[in-house]
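Below you'll find the structure, written out as structure tokens, and then a few comments.
Residue numbers (my numbering): 4 to 64.
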């Protein structure tokens with residue numbers, strides 16, 4: 004009887020099968036971005052990279 008009830012729940016269980024993996028992906032992405040921001044701040048880098056306007060790294064002579 005329990006398996007019959009769990010098999011047809013009006014669609015909310017199918018929605019969870021889509022939303023849970025998306026939620027996990029968003030959470031992992033959020034944690035990775037937060038960690039990258041902490042690493043960047045420890046290194047003293049800003050959001051702007053050190054490359055020139057044309058995207059080529061400047062070489063000091």
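Just so you know, even glycine gets a beta-carbon here, dropped at the ideal spot from N, CA and C.
Three-state class that DSSP yields for residue i in the structure shown
i          : result
residue 47 : coil
residue 14 : coil
Cβ-based neighbour list, residue i, same chain, cut-off 6 Å, excluding 5 preceding and 5 following
i          : result
residue 23 : none
Inter-residue Cα distance where the pair is residue i and residue j
i          : j          : result
residue 34 : residue 26 : 12 Å
residue 29 : residue 15 : 20 Å
residue 41 : residue 47 : 10 Å
residue 43 : residue 20 : 35 Å
Close-in-space but distant-in-sequence residues of the same chain around residue i (CB under 7 Å, 5 per side omitted)
i          : result
residue 12 : none
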